Structures are given as structure tokens and as C-alpha cells.
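Below: the structure, in C-alpha cells.
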Amino acid sequence: MPFTIAIASGKGGTGKTTVSVNLQYFISKYLTTNVLLVDCDVEEPNDRIFFPDAQMISSSDVSQMVPDIDTGKCTFCRRCVEYCEFNAIVVIPPVKYAEVNPSLCHSCGACTVACRDGAITEKSVPVGEINVFDTGIGRGLAEGSLNIGSAMQTMMIKELKKSISAGYEVVLYDAPPGTSCPVVETVADVDFVILVAEPTPFGLNDLLLMVELLIDIGKPFGVIINKAGIGNGDIYSFLEEQDIDILEEIPFNKDYASLYASGDLLRNIDNDTASRYLIIVQSLERRFLQYEGNNYFKW
597 MPFTIAIASG KGGTGKTTVS VNLQYFISKY LTTNVLLVDC DVEEPNDRIF
647 FPDAQMISSS DVSQMVPDID TGKCTFCRRC VEYCEFNAIV VIPPVKYAEV
697 NPSLCHSCGA CTVACRDGAI TEKSVPVGEI NVFDTGIGRG LAEGSLNIGS
747 AMQTMMIKEL KKSISAGYEV VLYDAPPGTS CPVVETVADV DFVILVAEPT
797 PFGLNDLLLM VELLIDIGKP FGVIINKAGI GNGDIYSFLE EQDIDILEEI
847 PFNKDYASLY ASGDLLRNID NDTASRYLII VQSLERRFLQ YEGNNYFKW
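In this note's numbering, the protein residues as written are 597 to 895.
Pasting the structure below:
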């Protein structure tokens, strides 16, 4: 089974994608080339931007089963409405109207159990697609891309993760921002979580939320301070008080930010930034060896 790492943050804009893309690059350079990057921000996947020469290997549709009500058989008893926890079904008996809202349906099947008249069947409704790319880095990139207007982020991430085979040594999950259900689905079964935070009041506030979440679900984690040198020192005081590991600091660098803005994230990486990512990779190796109990990577 692969060693799975989620890169997450309590807010957008901290540099989570920057860290994810760089980690795959440096892991493939120093540890193993059998490393896959997975973009779990299915509403707006953007890891692919930083691989201009990426070639699509495969694309597969993801669908959900949505109830379909036959009004010719329906007695409009509203049992299905009462069973549905997501308010996805509307039944108006006086006008003999019954309809399912696919954007609210979670495909739980409760309504089919509730219906005593055989009026509910299920139909397949597309919600997005899973794309896999050869990027020239490691084993490439897999991404989930949710259809516009769909609210099935969590289901899409679940299907994306299920599509990842056991043939990788390391899998990196670039999580969505925040602490909502899609983030929980991304980090729920990983071996380690890297939290990317910026040393600002907003950064600390959202880091607190993410730390609380990971403690609640019992996930081991460490923190990368990105854009170090801006803001204040409150975040360092918090991490010290809570005895939370700082994996590394990455100083704010305007030149490197310009590379990011132009999509050239992996070009002309300066020596200081490269040395800091190497320290992070070495730290991850030690953690994996502690987890696995054997000599996994070969230097």
C-alpha cells in the first residue's frame, strides 16, 4: 500500500498547491519516482496549470444514481419526502407533482426503501470526470473535475481516491481549502497530513480550525510555515505551546511568487527554496520509516 500524505490548509491562498507540486518534484528527485500527485480540489483543480507539457493518459466519467419517480405509479403519499434527509424530493399531492432535485440528492437509496408503490427507480446522472496525466514528474497527476453546478464534491473526491491503485509508493493528496466535508473526506484515511499556514492573524485563525479537526479525527500532522517573514509571531507561539512540529519554514519570496503567477513553479527554483524542500522530504522519510518499520526508500 502507498504511503499517503494530504496537504491541507484552513484557508485558501496559503500556498497549499505550491507545496503539493514542489513536494512531488522533490520526492521524485530524492526518494522515489513512484509518486503520484492527486488534485482533490474538485471544484477548481489547478495543479495541472504547473505542468504545461502534461499529456492526458485517461479520462473517465463519474456518475451518481439519482431516483426517478414514475408519476403514473406514484400515489403521492410523501413517504419518500419524509425519508429523505437532504430535502431532495418535492411531492405536491393536490397537483400530483413529484420531482427529485439531483443537486441535493446524495444517492442514499432511502426513498426507494420508503416507496411502497414501486414508483421509484434510479438513473445515472453524470457529476464530473477523473483525468490522469503524464506530467514528466514522478507518476504524474490525477485530478477530479466536478461538473459546474453540482454539489457532489465529497462524492467526487471519494470516487477519485477509489480510482487510485495500490501500485504507488507515495500518493500526495492536494486537499481543498477549508475544513468542510470535502476536506474531511480527503484527509480521513491518509497516513500523514501536512498543514500549510501563513504567519498572519487570518492564517493562525484558520490553522486553529484545521488543528482541531485533525485532533478530533486522530490524524498525525505537521506544519509548514509558508511566506515566512510576513505577519507576526503569534503562530509560532501557538505551535510551541501545543508542541506541534514545524516541518520547515519557506520564506516569502517575490521572485518565486512571480514564477507561481506565470505557471513556472518548477523552473529556476532557487537554492534556498530547494534546500528547504529537501529538509521536508527527509522529515517525511523518517516519519514513513517510523510508520512502516523498515528501510523503505533507497537514497
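Ideal Cβ positions, reconstructed from N, Cα and C, are used throughout, including at glycine.
Note that the structure is predicted; figures quoted are calculated from it, not measured.
Residue interval of the beta strand (DSSP E) (run including residue i)
i    : result
P663 : Q651 to I665
I603 : F599 to A604
F622 : Not the beta strand (DSSP E): F622 falls in the alpha helix (DSSP H), residues K612 to Y626.
D764 : First, the residue type needs correcting, since residue 764 is Tyr and not Asp in the sequence shown. Y764 -> no beta strand (DSSP E), and no H or E assigned at all.
V686 : I685 to I688
P575 : An answer regarding residue 575 cannot be provided, because it is not within the stretch 597 to 895 covered by the chain.
Cutoff 7 angstroms; reference residue i; Cβ partners in own chain excluding five residues on either side
i    : result
I875 : E844
R883 : F788
T731 : F647, A650 and L737
G606 : G774, T775, D802, L803, L805 and M806
G745 : S699
Q878 : none
F834 : L800
Y892 : Because Y892 sits at a pLDDT of 44, beneath the cut-off of 50, its placement in the model cannot be relied upon, and the following sentence gives the value as read from the coordinates. F884 and L885, listed in sequence order.
T750 : C777, P778 and E781
S720 : S659 and M661
Whether residue i touches residue j by CB criterion (7 angstroms)
i    : j    : result
V631 : L861 : no
I791 : V766 : Checking the sequence, you will find Leu at residue 791 rather than Ile. Against a cut-off of 7 angstroms, the Cβ pair of V766 and L791 comes out as no contact.
P778 : I753 : yes
A694 : C670 : yes
T796 : G829 : no
V662 : C701 : yes
D868 : E739 : no
E696 : A684 : The identity of residue 696 in the sequence shown is Val, whereas the question assumes Glu. Yes, the Cβ-Cβ distance between V696 and A684 is below 7 angstroms.
K823 : E794 : yes
F672 : V691 : no
I645 : G859 : yes
Integer-rounded CB distance, given that residue j should sit under 8 angstroms from residue i
i    : j    : result
I733 : Y832 : With 8 angstroms as the limit, I733 and Y832 do not qualify as a contact, their Cβ atoms being about 32 angstroms apart.
G610 : G799 : According to the sequence displayed, residue 610 carries Thr and not Gly. Rounded, the Cβ-Cβ distance is 6 angstroms, consistent with contact.
I840 : R872 : I840 to R872, Cβ: 18 angstroms. No contact.
T717 : D664 : 5 angstroms
A784 : I813 : 7 angstroms
Extent of the continuous alpha helix (DSSP H) to which residue i belongs
i    : result
G799 : P797 to I813
I831 : D830 to E837
N727 : Looking at the DSSP string, N727 is not in any alpha helix (DSSP H); the run it does join, the beta strand (DSSP E), is I716 to D730.
D851 : K850 to A857
E755 : Q749 to K758
P641 : Here P641 belongs to no alpha helix (DSSP H), and DSSP marks it neither H nor E.
A738 : From DSSP, A738 is part of no alpha helix (DSSP H) but of the beta strand (DSSP E) over L737 to L742.
S678 : Ser is not the amino acid found at residue 678; the sequence shown has Glu there. Its alpha helix (DSSP H) spans residues R675 to Y679.
P778 : C777 to V783
Neighbourhood of residue i by C-beta, 8 angstroms cutoff - its chain only, sequence neighbours within 5 removed
i    : result
V786 : T600, I601, A602, Y769 and K815
A870 : F622
Y764 : P598, N630, V631, L632 and R735
R863 : L855
Beta-carbon proximity list for residue i, same chain, < 6 angstroms, skipping 5 on both sides
i    : result
A710 : R675, C676 and Y679
S655 : E725 and N727
P722 : D657 and S659
S699 : A747
K612 : I603, S605 and V792
D666 : A715
E755 : V658
E640 : none
P689 : F672
S703 : Q660 and M661
L809 : T775
Opposing strand residues paired with residue i [DSSP bridges]
i    : result
A793 : I821
A710 : Beta-bridge pairing links A710 to no other residue.
Short CB-CB distance (under 7 angstroms) between residue i and chain B
i    : result
G732 : No chain B is present in this structure, which holds just one protein chain.
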